[in-house]
Amino acid sequence: MSDDRLIVAIDVPHAVAGLELAEKLSDAVGFYKIGLGMLTGGGLALANELKQEHGKRIFLDMKLFDIGATVEAAVRGLAQFDLDFLTVHGDPHVVAAAKQGAAGTDMKILAVTILTSLDRADLDAALIQPGDLGDLVLTRAGRALDAGADGVIASPQEAAAIRALPEAGGKLIVTPGVRPQGAALGDQKRVATPGQAIADGADHIVVGRPIWQAEDPAAAARAVLQEISEG
1430 MSDDRLIVAI
1440 DVPHAVAGLE
1450 LAEKLSDAVG
1460 FYKIGLGMLT
1470 GGGLALANEL
1480 KQEHGKRIFL
1490 DMKLFDIGAT
1500 VEAAVRGLAQ
1510 FDLDFLTVHG
1520 DPHVVAAAKQ
1530 GAAGTDMKIL
1540 AVTILTSLDR
1550 ADLDAALIQP
1560 GDLGDLVLTR
1570 AGRALDAGAD
1580 GVIASPQEAA
1590 AIRALPEAGG
1600 KLIVTPGVRP
1610 QGAALGDQKR
1620 VATPGQAIAD
1630 GADHIVVGRP
1640 IWQAEDPAAA
1650 ARAVLQEISE
1660 G
């Protein structure tokens, strides 16, 4: 039985490579994230195959953002595939529309607070209001949860603070930006180890390159799971 606290990001070029990776990981992993980068490479078909034919859980990471009616329609269309998690941007009007689109299904709507690849300099360049990055994440998380989000996506460095929010009771915290001991940071700037992220309140961690780029992806996944259990 796999430990679904680990979600492996299948950030490979196309669905054929994604299916090959899933076959290598076999029973070691039961939960996969498929993102926007694979959308034109058969990502939705891969999501359906892994879910329906292999019994895997699926996190579709689309980070939807648009006017409410468009978000609602997009989510309603995606909800028919019986997927588990879907991301949208954490703006309250987007979250509320997404929840309408997912109504009557089990698909969880997760709100993106601030991308884990960004720091304060990046926010300044994007004209985001001044202030401590962690404080902005907490504010966005609280507002998204108030708008009905089933959980949030946030850096492991903010997981503990989000878990302490009154609005976070019974809600999910999913943390990308997780790197095993000794792994390269890549483009992530706000990171933690798997054990630390779980200890700080994350329900699920997302790990990509340290697993799928490994010579033995299944062994790499098991090593991450070992770090989780030790943490």
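Just so we're aligned: the sequence shown equals residues 1430 to 1660 in the numbering used here.
The beta carbon of each residue, even a glycine, is placed where N, CA and C say it ideally should be.
Item                                                                                                                                                                                       : Value
What's the gap between the Cα of residue 1618 and the Cα of residue 1536?                                                                                                                  : Reliability fails at residue 1618, whose pLDDT of 49 lies under 50, so the model's placement of it is uncertain and no value is given.
If you drop the 5 nearest sequence neighbours on each side, which residues of the same chain put their C-beta closer than 7 angstroms to that of residue 1616?                             : Here the model assigns residue 1616 a pLDDT of 47, short of 50, so the residue's position is not dependable, and the following value carries that caveat. Within the same chain, residue 1616 has close Cβ partners 1546.
Check whether the stretch 1515 to 1534 touches the stretch 1485 to 1504, counting contact only when three or more Cβ pairs, one atom from each stretch, lie closer than 8 angstroms.       : yes
Mind the definition here: the stretch 1432 to 1450 touches the stretch 1624 to 1640 only if three or more C-beta pairs lie below 8 angstroms; say whether that holds.                      : yes
When the distance is taken between beta carbons, is residue 1573 closer than 8 angstroms to residue 1603?                                                                                  : no
Could you give the uninterrupted runs of the alpha helix (DSSP H) lying entirely in the stretch 1468 to 1506, keeping only those of 4 residues or more?                                    : 1472 to 1481
Would you call the CB atoms of residue 1457 and residue 1650 closer than 8 angstroms?                                                                                                      : yes
Answer yes if the stretch 1593 to 1601 comes into contact with the stretch 1550 to 1559, meaning at least three C-beta pairs across the two stretches below 8 angstroms, and no otherwise. : no
Which residues mark the beginning and the end of the alpha helix (DSSP H) in which residue 1528 is found?                                                                                  : 1521 to 1531
With DSSP as the reference, label residue 1542 as helix, strand or coil.                                                                                                                   : coil
Does the beta carbon of residue 1452 fall short of 7 angstroms from some heavy atom of the ligand HEM?                                                                                     : The ligand HEM is absent from the structure shown, which contains no ligand whatsoever.
Please classify residue 1581 as buried or exposed, where buried requires at least 16 neighbouring CB atoms within 10 angstroms.                                                            : buried
For the beta strand (DSSP E) that contains residue 1437, what are its first and last residues?                                                                                             : 1435 to 1438
So who's on the other strand from residue 1516, going by DSSP bridges?                                                                                                                     : 1539
To the nearest angstrom, how far is it from the Cα of residue 1459 to the Cα of residue 1479?                                                                                              : 10 angstroms
Please state whether DSSP places residue 1578 in a helix, a strand or coil.                                                                                                                : coil
So, is the C-beta of residue 1535 closer than 8 angstroms to a C-beta in chain B?                                                                                                          : Absent from the structure is chain B; it holds one protein chain and no more.
Measure from the alpha carbon of residue 1497 to the alpha carbon of each residue in 1507, 1483 and 1529, then state which is nearest.                                                     : 1529
In chain order, what residues of the same chain have a beta carbon less than 7 angstroms from the beta carbon of residue 1431, not counting five sequence neighbours either side?          : 1456, 1457, 1458 and 1459
Would you list the residues sitting across from residue 1633 in a DSSP beta bridge?                                                                                                        : 1603
Which residues in the same chain as residue 1443 place their Cβ atom closer than 8 angstroms to its Cβ, once the five residues preceding and following it in sequence are excluded?        : 1467, 1470 and 1471
In the DSSP assignment, find the unbroken alpha helix (DSSP H) run with residue 1697 in it and report its ends.                                                                            : The shown model of the chain, from 1430 to 1660, leaves out residue 1697, and the question about it has no answer.
What does the alpha-carbon distance come out to for the pair residue 1506 and residue 1655?                                                                                                : 37 angstroms
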